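> Before I ask anything, here is the structure I am working with.
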Amino acid sequence: MSKIKFMALGGQDERGKNLFVLDIDDNLFILDAGVKYPDKGILGVDIVTPKLDYLKNNKQKIKGIFLTNSASYNMGSVPYILKTMDIPVYCNEITQLVGKIKISRMRIKNTKDQNFVVVKDKQILDFGKVKVEVFRTTSASPQSYGYAFHTEEGTIVYAGDYIIDGKEQSYFSTDFNHINEIGKKGVLALIADSEYASRSGFTVPNHKIENFISTSFKEKKTKIAIGIFEEDIFKLGEICMAAKENNRKIAVYGRTMTEILKSNLINENLQILPEDIITVDEYMKSENGLLIISGTGDVLYSKLAKIATGNDEVVEFAEKDLIILATPPAPGVEKRHAQILDELARTDARLIALSDRNIWSMHASYEDIKVFTSMLNPKYFIPVKALFKDSLKAEKAAIEAGVNERNVVILDNGQVANISKNSISIADKKVDIGNSYVDQAGVGDVGAIVLNERKLLATDGVMIIGATIDSRNKELISMIDTQMRGVLYIKEENPIFRIIQKEIESLLEQGQSQFKENPNKYDINEIKKDIATRVRTLIKQESGKQPIVLVIVNEYDGKDYVFKPRNNLNRNNYRNNNNNSKKGSK
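Here the working numbering is used: position 4 in the sequence shown is 6, and no number is missing along the way.
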């Protein structure tokens, strides 16, 4: 009898950062490994990945990562996992291509081409007592996959991004016959994408943009620039077909999308010929060219903003141009989306923006979940990749599809579901979870302390204090230099500045007295901490702000130094520096 556990390290009650683990007899199968985009309140952070400590502590048990498609929400964390763990990644051709591009961009040296293992529809992978069967679904990426794990207890089906589209006959089509075969053999548990379960009806045909762009593509002597996320490969197909029908040459502004368009899988499906492709420079000189601008998350918006503000070296929007923002905002970048619409509206070009009311992302809606669950007829149902409200909707859909209401389990991140033939339950013990923040410097460099400091700098500013003491007797021998940025504007008459000066001198004099009594107990670092704490307290009392206070105390041996007595405070020693800083002496 197999011992089966299922847990989420990310993706539950949040948008993105999908990473799930299926534990079968202490063999770990990682199901997707994505990222999410942070709220703009988290300063200097580009993406958020799941905390990987659980995987690192159990890496010898990991059999592989099983990716459903190339969306960053599902595979964005793979480079960071491979940075520390040498494990296979099972995926389709496009996901392999995107993964290799991202790894080369990050310059991760210890990964190998063999890490990515391309699998095919209906292929069965043998892991001893566990057999993993690959089946094809429909999503924004061609040949998206789901995986059926055949165990001694029964079959566990993981369905990543999917929709029900019986008319699709391309690389985006679902193999319904295969899925029905899996269902007929019996399914113990279905783990299914429920991100958009709150949308009523089916996703089809609301996922298509062709009706919204066809008229614009027929316009003569009009260049078109269209912005999409790089995972929107289904939209890429619609756009390219519309371009070919209207004799528009295609240029691509985005490295990943350029490589995707060159891939055999896409070329075979879209029948894109070399003569259909032009450079970005050629697009700018054309009368009716098409420019596809792509990127993930905020990268797409950064490109559009750079062009809209006239800071791009190659692309510029002119009066006769048409800009189409063909993708609704991704979770986490809604505010940025609104800002970019405003920037694009300021250009001379016309603007068409498709909202999520017009275009639905290619995820299962309420009726999709019902139909898919009915096809597989599972005993247990676990909704994933969803906010809690959407998980409740998915639960309702599964119950309507025939699942017993007591057999639906909604997990939080870190919770563990125990699955057997006779029961499903949530364990008392949780696994270690959390977030890892990534900026341009890499993963692990942005911890809680750094984030807090960035927040303080943004809201309360910084204060820098400098002084020089005699290294022989620790006596203050210079003016005390105080610089402020983003704290408050202090006029010369403001008594707070005099108080700060006196407090700093008092603390330095106390240190000097301590040095005379017992030099071994003298610690300049402790004195600097006391100065920072006291100054921060005084500023808070005056303004309510708590700035970061940096204290620099230089020691000088006194040689060739002419000391001038420090009598009373001299107001003439104070001066403003760009209306934000002060210097003073006593």
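Each residue gets a CB set at the ideal place from its N, CA and C atoms; glycine is no exception. These numbers were taken from a predicted model, which means no experiment stands behind them.
Decide if Lys186 is buried, meaning its Cβ has at least 16 other Cβ atoms within 10 Å, or exposed.
Taking the first residue of the sequence shown as 1, we reach residue 186 at position 184. Counting Cβ neighbours within 10 Å, Lys186 comes out exposed, since fewer than 16 surround it.
> Closest by CA to Gly324, which one among Lys305, His339, Lys337, Ala347?
Looking up residue 324 in the sequence shown gives position 322. Before going on, a small fix: residue 324 reads as Leu here, not Gly. With distances taken between Cα atoms, Leu324 lies closest to Ala347.
> From which residue to which residue does the alpha helix (DSSP H) around Tyr82 run?
In the sequence shown, counting from the first residue as 1, residue 82 sits at position 80. Taken as a continuous stretch (DSSP letters only), the alpha helix (DSSP H) holding Tyr82 covers 80–84.
> Does DSSP classify Ser524 as helix, strand or coil?
Taking the first residue of the sequence shown as 1, we reach residue 524 at position 522. Before going further, note that residue 524 is Tyr rather than Ser in the sequence given. Coil.
> Straight-line CA distance for Ala191 to Asp234?
Sequence index remark: in the sequence shown, residue 191 carries index 189 (1-based). Sequence index remark: in the sequence shown, residue 234 carries index 232 (1-based). When rounded, the distance between both Cα atoms is 29 Å.
> Straight-line CA distance for Gln512 to Gly18?
As a first step, residue 512 must be located in the sequence shown, where it is residue number 510. As a first step, residue 18 must be located in the sequence shown, where it is residue number 16. Between the alpha carbons of Gln512 and Gly18 lies a distance of about 55 Å.
> Applying the 10 Å Cβ sphere with the 16-neighbour rule, what's the burial state of Thr281?
Looking up residue 281 in the sequence shown gives position 279. Answer is exposed; the Cβ neighbour count stays below 16.
> By alpha-carbon positions, which one of Arg359, Lys531, Val189 ends up nearest to Val405?
The count along the sequence shown starts at 1 and reaches residue 405 at position 403. Out of Arg359, Lys531, Val189, Val189 has the C-alpha closest to the C-alpha of Val405.
> Using CA coordinates, which residue listed in Arg408, Gln14, Ser4 is at the minimum distance from Asp28?
Along the sequence shown, read from residue 1 onward, the residue named residue 28 stands at position 26. When only C-alpha atoms are compared, the closest one is Ser4.
> Just to confirm, is the Cβ distance from Tyr285 to Lys225 under 8 Å?
Working through the sequence shown from its first residue, we reach residue 285 at position 283. Working through the sequence shown from its first residue, we reach residue 225 at position 223. Result yes, Cβ atoms of Tyr285 and Lys225 sit closer than 8 Å.
> Report the CB separation of Tyr39 from Leu69 in whole angstroms; it is logged as a contact under 8 Å.
Position 37 of the sequence shown holds residue 39. Position 67 of the sequence shown holds residue 69. Not quite, the Cβ-Cβ distance comes to about 19 Å (not below 8 Å), so this is no contact.
> Quick one: is Asn415 buried, meaning 16 or more other Cβ sit within 10 Å of its Cβ, or exposed?
Taking the first residue of the sequence shown as 1, we reach residue 415 at position 413. The residue in question, Asn415, is buried, as its Cβ has 16 or more Cβ neighbours within 10 Å.
> What are the partner residues of Arg138, as DSSP defines its beta bridges?
Position 136 of the sequence shown, counted from the start, is the residue given in the question as residue 138. Beta-bridge pairing links Arg138 to Tyr147.
> For Ala403, which residues of its own chain have a beta-carbon under 6 Å away from its beta-carbon, when the five flanking residues on both sides are left out?
Within the sequence shown, residue 403 is the residue found at index 401, counting from 1. So the qualifying residues of the chain are Lys372, Thr375, Ser376.
> Please say whether Ala199 and Asp594 have beta carbons closer to each other than 8 Å?
Examination of residue 594 is not possible in this model, given that the chain is present from 3 through 588 alone.
> Looking at the structure shown, is Glu407 part of a helix, part of a strand, or coil, going by DSSP?
Stepping through the sequence shown from its first residue, residue 407 is reached at position 405. Helix.
> Leaving out the 5 sequence neighbours to the left and right, which residues in its chain are closer than 7 Å to Glu154 when beta-carbon positions are compared?
Indexing the sequence shown from 1 puts residue 154 at position 152. So the list reads Met3, Ser4, Lys131, once near-sequence residues are dropped.
> For Asp48, tell me which candidate among Asp300, Tyr147, Lys85 has the shortest Cα-Cα distance.
Against the sequence shown, residue 48 aligns to sequence position 46. It is Asp300 whose Cα lies nearest to the Cα of Asp48.
> Applying the criterion that 16 or more other CB atoms from any shown protein chain within 10 Å of the CB defines a buried residue, is Leu30 buried or exposed?
Locating residue 30 in the sequence shown gives position 28, where the first residue counts as 1. Buried, because 16 or more other Cβ atoms sit within 10 Å of the Cβ of Leu30.
> When DSSP labels each residue in this structure, what does Thr484 get in the three-state scheme?
In the sequence shown, residue 484 corresponds to position 482, counting from 1. DSSP, reduced to helix, strand and coil, places Thr484 within a strand of the structure shown.
> So, do the segment 353–370 and the segment 325–332 have three or more beta carbon pairs nearer to each other than 8 Å?
yes
> Do Phe151 and Ile26 come within 8 Å of each other at the CB atom, strictly closer than that value?
Within the sequence shown, numbered from 1, the residue matching residue 26 stands at position 24. Within the sequence shown, numbered from 1, the residue matching residue 151 stands at position 149. Pairing Ile26 with Phe151 gives a Cβ-Cβ distance under 8 Å.
> Based on the DSSP output, what are the partners of Ile466 in its beta bridges?
Sequence index remark: in the sequence shown, residue 466 carries index 464 (1-based). Gln485, Leu552.
> Pick out the complete beta strand (DSSP E) segments inside the segment 313–398, 3 residues or longer, and give them in chain order.
Taken in chain order, the unbroken stretches of beta strand (DSSP E) that lie wholly in the segment 313–398 and span 3 residues or more are 324–327, 352–355, 380–386.
> Determine the direct distance from the alpha carbon of Ser427 to that of Leu127, and round the result to whole angstroms.
Here the question's residue 127 lines up with position 125 in the sequence shown. Here the question's residue 427 lines up with position 425 in the sequence shown. Just so you know, the alpha carbons of Leu127 and Ser427 end up roughly 28 Å apart.
> Use the C-beta contact count for Glu591: other C-beta atoms within 10 angstroms, 16 or more gives buried, fewer gives exposed.
Nothing can be reported for residue 591, as the shown portion of the chain is limited to 3 through 588.
> Please go through the same chain and pick out, in chain order, the residues whose beta-carbon is closer than 6 Å to the beta-carbon of Ile67, but skip the five residues on each side of it.
Locating residue 67 in the sequence shown gives position 65, where the first residue counts as 1. Closer than 6 Å at the Cβ level, and outside the excluded window around Ile67, lie Ile32, Ala35, Val91.
> How about Phe118 and Lys133: do their beta carbons lie closer than 8 Å?
Position 116 of the sequence shown holds residue 118. Position 131 of the sequence shown holds residue 133. No, the pair does not count as a contact, with Cβ atoms beyond the cut-off.
> What's the C-alpha gap between Ile506 and Asn522?
Counted from its first residue, the sequence shown places residue 506 at position 504. Counted from its first residue, the sequence shown places residue 522 at position 520. In a straight line, the C-alpha of Ile506 is about 22 Å away from that of Asn522.
> According to DSSP, is Ser4 helix, strand or coil?
Here residue 4 is taken as the residue at index 2 of the sequence shown, counted from 1. In this structure, Ser4 counts as coil in the three-state DSSP scheme.
> Go through the segment 225–293 residue by residue and report every complete run of the alpha helix (DSSP H) that reaches 4 residues or more, in order.
235–247, 257–264, 266–272, 282–287
> So, are the CB atoms of Ala429 and Val411 less than 8 Å apart?
In the sequence shown, residue 429 corresponds to position 427, counting from 1. In the sequence shown, residue 411 corresponds to position 409, counting from 1. Taking 8 Å as the cut-off, the beta carbon of Ala429 is found no closer than this to the beta carbon of Val411.
> Helix, strand or coil for His152? Go by DSSP, reduced to three states.
As a position in the sequence shown, residue 152 is number 150, starting the count at 1. Correct three-state label for His152: strand.
> Check whether the segment 295–315 and the segment 250–265 touch, using three or more Cβ-Cβ pairs below 8 Å as the test.
yes
> Residues in its own chain within less than 8 Å of Asn594 by CB, not counting five upstream and five downstream?
Residue 594 lies beyond the range of the chain shown here (3 to 588); nothing can be said about it.
> On the criterion of 16 or more Cβ atoms from any shown chain inside 10 Å, does Val316 qualify as buried, or is it exposed?
On the sequence shown, position 314 is the one that residue 316 refers to. Counting of Cβ neighbours within 10 angstroms places Val316 among the exposed residues, the total staying below 16.
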